[in-house]
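Okay, structure first, notes after.
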Amino acid sequence: MLLQNARLSDGSTADVRLDGDRIAEVRPAGASAEAGALDLTGYVLLGAPAEPHAHLDKALTADRVHVQAGDLDSAIEAWHEHRRTLTVEDVARRAEAAARTCLSRGATAVRTHVDVGEGIELRAARALIEVRERLRPLMDIQVVALTYPLAGPAGAENRELLRGALQLGVDVVGGAPHIDADPVGHIRVCLDLAAEFERPVDLHMDEHMRPLSMDLADLARMTAAGLPQPVTASHCVSLGLQSAAVQDRLAGDVARAGLAVISCPATNLHLQARDVRTATPRGITALKALLDAGVTVAGGGDNVQDFFHPLGCGDPLHTAGLLVLGGQLDIPTAYRLVSEGAREAIGLPAAVIAPGRPAELLAVAGGSLQEVVATATEDRFVFRRGRLVERTRVLREDITSPDQGGLDA
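My numbering applies: residue 4 is where the sequence shown begins, and numbers increase by one.
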């Protein structure tokens with residue numbers, strides 16, 4: 004397949020030839036004409052983004068219960084009560100709809116956490132594995148089993164459920180040490196299970212505004228010797244509350260341990276610091292310190308219209324925009340976090356437009372990277388493994404000319 008006249012992120016215009024699941028050639032636009040080529044005039048062609056942190060089991064439930072307080076603890080309490088009512092069929096239906104939305108926005112890979120625990124047991128995990136297999140021809144889905152507490156006698160039942168989820172076929176060991184009375188014990192359980200089952204680890208870390216509590220430091224220490232399995236730390240909110248010196252020191256520890264970090268600006272801007280009325284903190288991790296230290300950093304959308312964030316839309320371009328606004332990153336860096344960084348954080352090769360690289364591509368209507376991040380139009384082509392898998396068109400009609408005014412009522 005030949006993609007003609009595509010605007011690249013550096014402003015140049017190119018023809019890009021795909022051969023199987025790889026990019027075969029990138030050359031200046033107009034070098035030759037070819038029957039059957041796809042003309043991308045008016046579109047910006049980018050390496051496809053990924054969604055590195057989602058909760059598809061919770062997706063599309065925002066209208067079921069109103070979480071009045073709006074903070075993380077209230078959302079967790081309401082969700083744990085509601086999840087008792089969920090069936091495999093309900094979870095699978097909503098998860099597939101949300102996954103297809105992510106794909107239509109360009110995310111050819113999604114890592115989704117799924118609750119296992121009292122009240123939901125393994126039902127949601129079964130549903131997400133079912134969706135993963137059904138959508139395998141269209142996209143890559145990784146399923147992370149999430150539960151807490153895990154340490155000590157209080158975590159005994161959840162440890163068995165987590166083991167059961169791994170035996171069932173989930174891809175990644177998950178957890179949330181900051182919600183456990185013994186965070187270090189929680190981390191140890193996750194690392195031990197990851198070693199036993201030879202699975203990666205992806206933990207919710209420090210999703211709170213307590214500056215004196217940073218389990219990320221323990222995770223970096225416990226993985227400093229290196230592990231065979233990749234380890235990812237999601238959220239890491241309290242790192243952003245530290246002094247510059249502490250941020251730099253811990254970012255260096257994270258880099259040396261080989262940890263990846265995923266920031267989820269939409270949900271954390273929504274949930275965190277609701278009781279702080281003056282100079283409200285942003286609830287976003289220390290992005291610049293981590294990037295300067297050489298850490299693999301990604302941007303995730305997190306929740307899609309659920310108890311934790313009613314406005315999540317599954318669009319990496321929206322996440323990139325929030326990384327610019329909330330994280331004060333420049334636009335190319337923000338897009339890199341939702342594309343190359345996101346894919347690397349979940350163990351996939353970066354999708355960049357160069358010969359020999361994976362043909363995972365997103366074409367968005369617009370004239371520049373700045374414009375497509377700003378507008379986030381849904382007018383897009385999505386390519387996975389060299390094949391067009393999604394096409395969304397946007398129809399705009401100018402009903403009146405400037406000299407006609409508006410329509411009569």
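Backbone N, C-alpha and C define an ideal beta-carbon position, used for all residues, glycine too.
Small disclaimer: the values here were computed from a predicted structure and weren't measured.
Bounding residues of the alpha helix (DSSP H) (the contiguous stretch that carries residue i)
{"i": "Thr-344", "result": "Rather than Thr, the amino acid found at residue 344 in this sequence is Gly. Note, Gly-344: alpha helix (DSSP H), 343 to 348."}
{"i": "Phe-200", "result": "186 to 200"}
{"i": "Leu-106", "result": "91 to 107"}
{"i": "Val-257", "result": "247 to 260"}
{"i": "His-83", "result": "75 to 85"}
Host beta strand (DSSP E) of residue i (start-end)
{"i": "Asn-8", "result": "5 to 10"}
{"i": "Glu-163", "result": "Unbroken run through Glu-163 is the alpha helix (DSSP H), 159 to 171; no beta strand (DSSP E)."}
{"i": "His-321", "result": "Careful: His-321 lies outside any beta strand (DSSP E), inside the alpha helix (DSSP H) at 319 to 328."}
{"i": "Ile-26", "result": "25 to 31"}
{"i": "His-56", "result": "54 to 57"}
{"i": "Ala-377", "result": "Looking at the DSSP string, Ala-377 is not in any beta strand (DSSP E); the run it does join, the alpha helix (DSSP H), is 372 to 378."}
{"i": "Ser-237", "result": "234 to 238"}
{"i": "Asp-295", "result": "Per DSSP, Asp-295 belongs to no beta strand (DSSP E); it is in the alpha helix (DSSP H), 290 to 295."}
{"i": "Arg-383", "result": "383 to 387"}
{"i": "Arg-114", "result": "112 to 118"}
Cβ-based burial, residue i [other Cβ within 10 Å; buried from 16]
{"i": "His-69", "result": "exposed"}
{"i": "Pro-2", "result": "No information on residue 2 is available, as it lies outside the stretch 4 to 412 that the chain covers here."}
{"i": "Ala-357", "result": "exposed"}
{"i": "Glu-54", "result": "buried"}
{"i": "Gln-250", "result": "buried"}
{"i": "Ile-190", "result": "buried"}
{"i": "Asp-278", "result": "exposed"}
{"i": "Gln-145", "result": "buried"}
{"i": "Val-47", "result": "buried"}
{"i": "Ile-26", "result": "buried"}
{"i": "Ala-57", "result": "buried"}
For residue i, the three-state DSSP class (helix, strand or coil)
{"i": "Ile-123", "result": "coil"}
{"i": "Asp-143", "result": "strand"}
{"i": "Tyr-338", "result": "helix"}
{"i": "Gly-177", "result": "strand"}
{"i": "Val-279", "result": "coil"}
{"i": "Pro-268", "result": "helix"}
{"i": "Met-225", "result": "helix"}
{"i": "Glu-393", "result": "strand"}
{"i": "Gly-155", "result": "coil"}
{"i": "Thr-16", "result": "strand"}
{"i": "Val-204", "result": "strand"}
Other residues of its chain near residue i: CB distance less than 6 Å, five sequence neighbours each side excluded
{"i": "Val-341", "result": "Pro-52, Gly-302, Pro-319, Thr-322, Ala-323"}
{"i": "Val-355", "result": "Gly-50"}
{"i": "Glu-343", "result": "Ala-353"}
{"i": "Leu-262", "result": "Val-234, Ala-236"}
{"i": "Asp-143", "result": "Ala-112"}
{"i": "Leu-21", "result": "Met-4, Ala-362, Gly-389"}
Residue i vs residue j beta-carbon contact at 7 Å
{"i": "Pro-203", "j": "Val-175", "result": "yes"}
{"i": "His-207", "j": "Ala-179", "result": "yes"}
{"i": "Val-375", "j": "Val-385", "result": "no"}
{"i": "Arg-387", "j": "Thr-395", "result": "no"}
{"i": "Leu-59", "j": "Ala-9", "result": "no"}
{"i": "Val-307", "j": "Gly-315", "result": "yes"}
{"i": "Gln-71", "j": "Ala-40", "result": "no"}
{"i": "Leu-274", "j": "Asp-18", "result": "no"}
{"i": "Val-94", "j": "His-116", "result": "no"}
{"i": "Leu-325", "j": "Pro-284", "result": "no"}
Neighbourhood of residue i by C-beta, 8 Å cutoff - its chain only, sequence neighbours within 5 removed
{"i": "Val-257", "result": "Leu-219, Ala-223, Ala-236, Val-264, Leu-293, Ala-296, Val-298"}
{"i": "His-418", "result": "Here the chain comprises residues numbered 4 to 412, so residue 418 is not present and cannot be evaluated."}
{"i": "Pro-2", "result": "Nothing in the structure corresponds to residue 2, since the chain is present only between 4 and 412."}
Same chain only: Cβ atoms within 7 Å of residue i, ignoring 5 sequence neighbours per side
{"i": "Gly-350", "result": "Pro-203, Pro-233"}
{"i": "Gly-109", "result": "Ala-51, Pro-52, Pro-319, Leu-365, Arg-383, Val-385"}
{"i": "Ala-101", "result": "Leu-59, Ala-62, Leu-63, Val-307, Gly-317"}
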